[in-house]
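J.: There's a structure below that I have some questions on.
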Amino acid sequence: MDNRPTVEVCFTPNLYPLHMDDADVVVVIDVLRATSAICTAFANGVDKVIPVSTVEEAIEYKQKGYLVAAERKGQVVDGFQFGNSPYSYMGKELKGKTLVITTTNGTKAFHTARKAKEVVIGSLINLDAVSNFLIKKKKNVLLLASGWQNKFCLEDTICAGAIAEQLINTGDFRSVQDSSIAAKYLYLSAKENYLGYLKSSSHRRRLKKLNLNEDIKYCLTPNQTDVVPIRKGNYLVNYKA
Ligand code: 3SL
């Protein structure tokens, strides 16, 4: 009998109930752009991130004086200072602060996994860091792609495939589901040129129309930071070994 922990991929949040019982650690992935933005915020010294699902919750935090970001359909929601661009989270003024954020899909996926034992944030920009964190844990991992409004997204699946590949290559993990095999093959086809591979993907086109090309390039550049945001209560902190 093979007792090695599993690493599996869930293509969209609405499939999560089918996978959740197999997971000790859930990795929420939203490459374009929520989890890339969250990793960037930690890399630039943000202390805590509180992901919330709705704009109403975000407004409540804003009224209490928090620094709050809100994005819907790729754009900053009226009345908020920040949206979902990683470039908004590179300033020194955010150091030591708590950031509250709501996004179309990423923070909803975080909420979907709220009952998971452990939740971690993954993206291409912290690919090796999050993979090494999971390799050390040696627990059953579920890679949850945030998708777009519960539809499949190529970039999140490719990132899931990249993480799965690193775990499998250690020999300490196994994958049994076809979603994981598919994610791995998509990653292997894309890994030499993420930008080119995703050229006609729906979210890349959506963000390009909003003139967010620089965000796309940034989010598709692997290993720019070694932060590993982990859930603690209802918020995220950067894991420190
Ligand atoms: O869906 C999300 O959470 C966002 O990342 C979408 S967007 O990149 O801001 O359009």
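Heads up: the sequence shown runs through residues 3 to 243, numbered per our numbering. Each residue gets a CB set at the ideal place from its N, CA and C atoms; glycine is no exception.
Considering only residues of the stretch 122 to 178, which uninterrupted beta strand (DSSP E) runs meet the minimum length of 3 residues and lie entirely inside it, listed in chain order?
T.: 143 to 147, all fully within the stretch 122 to 178.
J.: For the beta strand (DSSP E) containing T104, list its first residue and its last residue.
T.: As a first step, residue 104 must be located in the sequence shown, where it is residue number 102. 100 to 104 is the span of the beta strand (DSSP E), which, as asked, contains T104.
J.: Quick check on T223: buried or exposed, where buried means 16 or more other Cβ atoms within 10 Å of its Cβ?
T.: Against the sequence shown, residue 223 aligns to sequence position 221. Exposed, by the Cβ-count rule.
J.: Can you determine whether any heavy atom of the ligand 3SL sits closer than 7 Å to the C-beta of N86, and answer yes or no?
T.: In the sequence shown, the residue the question calls residue 86 occupies position 84. True, at least one ligand heavy atom lies under 7 Å from that Cβ.
J.: Identify which residue in M92, K141, G67, R116 has its Cα closest to the Cα of C41.
T.: Stepping through the sequence shown from its first residue, residue 41 is reached at position 39. Measuring from the Cα of C41, the nearest candidate turns out to be M92.
J.: Report yes if the C-beta of R35 is less than 7 Å from at least one heavy atom of the ligand FMN; otherwise report no.
T.: This structure lacks the ligand FMN; its bound ligands are the ligand 3SL.
J.: Regarding L209 and the ligand 3SL, is the C-beta to nearest heavy atom distance less than 7 Å?
T.: Position 207 of the sequence shown, counting from 1, holds the residue named residue 209. For the ligand 3SL, at least one heavy atom lies less than 7 Å from the Cβ of L209.
J.: Pull up the distance between the alpha-carbon of L34 and that of V78, whole angstroms please.
T.: In the sequence shown, the residue the question calls residue 34 occupies position 32. In the sequence shown, the residue the question calls residue 78 occupies position 76. Cα to Cα, the separation comes out at about 15 Å.
J.: Should G124 be listed as close to the ligand 3SL, given that the test is whether its C-beta is under 7 Å from any heavy atom?
T.: Looking up residue 124 in the sequence shown gives position 122. It does not: the Cβ of G124 is nowhere closer than 7 Å to a heavy atom of the ligand 3SL.
J.: Mind checking who A72 pairs with in its DSSP beta bridge?
T.: To locate residue 72, count along the sequence shown from 1; it is residue 70. Partner(s): T104.
J.: Looking at T159 and the ligand 3SL, is the gap between the Cβ and the nearest heavy atom below 7 Å?
T.: Within the sequence shown, residue 159 is the residue found at index 157, counting from 1. No; taking the cut-off as 7 Å, the Cβ of T159 has no heavy atom of the ligand 3SL nearer than that.
J.: Quick check: L156 and L129, are their CB atoms within less than 8 Å of each other?
T.: Your numbering for residue 156 matches position 154 in the sequence shown. Your numbering for residue 129 matches position 127 in the sequence shown. Contact flag unset, no.
J.: Go to K211, then tell me how far its alpha helix (DSSP H) extends in each direction, as first and last residue.
T.: Counting from 1 along the sequence shown, the entry for residue 211 is found at position 209. Segment 204 to 211, the alpha helix (DSSP H) holding K211.
J.: Following a CB-centred definition, is S177 positioned closer than 7 Å to any heavy atom of the ligand 3SL?
T.: Here the question's residue 177 lines up with position 175 in the sequence shown. No - the ligand 3SL has no heavy atom lying nearer than 7 Å to the Cβ of S177.
J.: Where does the unbroken beta strand (DSSP E) through N240 begin, and where does it stop?
T.: If you number the sequence shown from 1, residue 240 lands on position 238. Per DSSP, N240 belongs to the beta strand (DSSP E) from 237 to 240.
J.: Note down, in chain order, each residue of its chain lying with its Cβ closer than 7 Å to the Cβ of H21, except the 5 sequence neighbours on either side.
T.: Numbered from its first residue, the sequence shown carries residue 21 at position 19. So the list reads E10, C12, L144, once near-sequence residues are dropped.
J.: Say the cut is 7 Å; is the CB of S90 nearer than that to a heavy atom of the ligand 3SL?
T.: To locate residue 90, count along the sequence shown from 1; it is residue 88. No - the ligand 3SL has no heavy atom lying nearer than 7 Å to the Cβ of S90.
J.: With DSSP run on the structure shown, which of helix, strand or coil describes F44?
T.: Position 42 of the sequence shown, counted from the first residue, corresponds to residue 44. F44 falls in the helix class under three-state DSSP.
J.: Keeping to the same chain, check which residues put their C-beta closer than 6 Å to that of D68; ignore five residues upstream and five downstream.
T.: Position 66 of the sequence shown, counted from the start, is the residue given in the question as residue 68. As written in the sequence, residue 68 is Tyr, which differs from the Asp given in the question. If we look at Y68 and ignore the five residues flanking it on each side, its Cβ neighbours are V102.
J.: Please report the straight-line C-alpha distance between S182 and Q151, rounded to a whole angstrom.
T.: Your numbering for residue 182 matches position 180 in the sequence shown. Your numbering for residue 151 matches position 149 in the sequence shown. Going by the C-alpha atoms only, they are around 21 Å apart.
J.: Do the stretch 103 to 113 and the stretch 167 to 177 touch if we need at least three Cβ pairs shorter than 8 Å?
T.: The answer is no - the stretch 167 to 177 does not touch the stretch 103 to 113, with fewer than three Cβ pairs under 8 Å.
J.: Distance check for Q226 and G47, CA to CA, integer angstroms please.
T.: Walking along the sequence shown from the start, residue 47 turns up at place 45. Walking along the sequence shown from the start, residue 226 turns up at place 224. Their Cα atoms are separated by approximately 14 Å.
J.: Is it right to say D32 is buried, meaning 16 or more other beta carbons lie within 10 angstroms of its own, or is it exposed?
T.: To locate residue 32, count along the sequence shown from 1; it is residue 30. Looking at its Cβ environment, which holds 16 or more other Cβ atoms inside 10 Å, D32 is buried.
J.: Cβ-heavy atom distance between E216 and the ligand 3SL below 7 Å?
T.: The count along the sequence shown starts at 1 and reaches residue 216 at position 214. The answer is no for E216.
J.: Just the C-alpha distance for G85 and E73, rounded to the nearest angstrom, thanks.
T.: In the sequence shown, the residue the question calls residue 85 occupies position 83. In the sequence shown, the residue the question calls residue 73 occupies position 71. The alpha-carbon atoms of G85 and E73 are separated by roughly 5 Å.
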